[in-house]
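Residue numbers (the UniProt record's numbering): 1 to 325. In what follows, a structure is listed as structure tokens, so that the remarks can point back to it.
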């Protein structure tokens, strides 16, 4: 799945026409009105996209006759390939801030690998040659290092998680090593109001191992009762316990179970969501979250695409206390 910025959607439409020999140098291009109707975008957006293509030296226009193709050599202006795991709520926050912060003249497309190594490999091999820069959120798989090594490190930003970082690549990731222990350690006395603090793994969406080590460190350092539950199971959920969930699917399952058992979040059961998104402040009176600022992460990634300076930053997750804890 590809999702482009509005300008990028139009620009890649023209790129596709060129690459498929649907238009040759000297040929007229679709009019602003035709592009607007075909792609369901505003005329003003088409004007901006054509302006970018003129600045690249790819097209030109003649008053009264419209736009035509100058050359079939696609320029090396900034084009960014953004590969994320999925379009979940917090990745949507990241993508929206990323696309809003991109300056005019930078084209970006986003694809999703869904933690599928074959799909990830296909994305890199099929599309990487089209782009000048790569911003990639990887996942755990033995083939990932070789695939990332195939990219130019000077033009690659590893995003969000950093199990493997090719030498010379830029990095903008979460600090999974101490993020959980530092943030939840700051409210250890509040957590001790519950019988236990438990973290639920999600096998189908593996989380970095550093997170589980950080959680174990938290339990040991603050003498907290609790465990790492290998997979969500109703049998393992106890009244009086607090639970850190890693996915929105497990969050929904936990809330449904609490409702079925007539438990009030924040009183009968504690709930913490890893990763924050806007809806959490309205669900069940407010769900406590532990999360990096994905809006800020998206903005920083956009600045990398603009300035291309090497970046190395590990963002600490922040705790947002709401009524569920």
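Ideal Cβ placement from N, Cα and C applies to all residues, glycine included. Please read these numbers as outputs of a predicted model, since none were measured by experiment.
Buried or exposed by the 16-neighbour rule on C-beta atoms within 10 Å, applied to residue 137: buried
Evaluate residue 87 with the Cβ neighbour count: other Cβ atoms within 10 Å of its Cβ, from every protein chain shown; 16 or more gives buried, anything less gives exposed.
exposed
* Asked: In its own chain, which residues sit with a C-beta less than 7 angstroms from the C-beta of residue 11, not counting the 5 before and 5 after it?
  -> 49, 52, 53, 107
TODO: Measure the C-alpha to C-alpha separation of residue 298 and residue 101 and round it to an integer number of angstroms.
DONE: 8 angstroms
- Would the beta-carbon of residue 181 fall within 8 angstroms of that of residue 218? yes
Exercise for review: Express the C-alpha separation of residue 262 and residue 326 in angstroms, rounding to a whole number.
Suggested key: Nothing can be reported for residue 326, as the shown portion of the chain is limited to 1 through 325.
Suppose contacts are defined by Cβ-Cβ distances below 8 angstroms. Is residue 338 in contact with residue 185 by that definition?
This structure gives no information on residue 338, because the portion of the chain shown stretches from 1 to 325.
### Query
With a CB to CB cut of under 7 angstroms and the five nearest residues on each side skipped, what residues in its chain are close to residue 155?
132, 133, 134
#### Entry: Residue nearest to residue 158 in terms of C-alpha spacing, selected from 212, 81, 99
81
Worksheet entry | Segment limits, alpha helix (DSSP H) that includes residue 92 | 89 to 101
Note to self: I'd like to know if the segment 275 to 287 and the segment 232 to 239 are in contact, where contact means that at least 3 CB-CB pairs between them fall below 8 angstroms.
What the structure shows: no
* Asked: Tell me the DSSP bridge mates of residue 28?
  -> 68
### Message
Just to check my reading of the structure: residue 176 and residue 208 have Cβ atoms closer than 8 angstroms, yes? What is that Cβ distance to the nearest angstrom?
### Response
4 angstroms
Shortest alpha-carbon distance to residue 249 belongs to which of 260, 170, 203? 203
Distance, Cα to Cα, residue 71 vs residue 34? 21 angstroms
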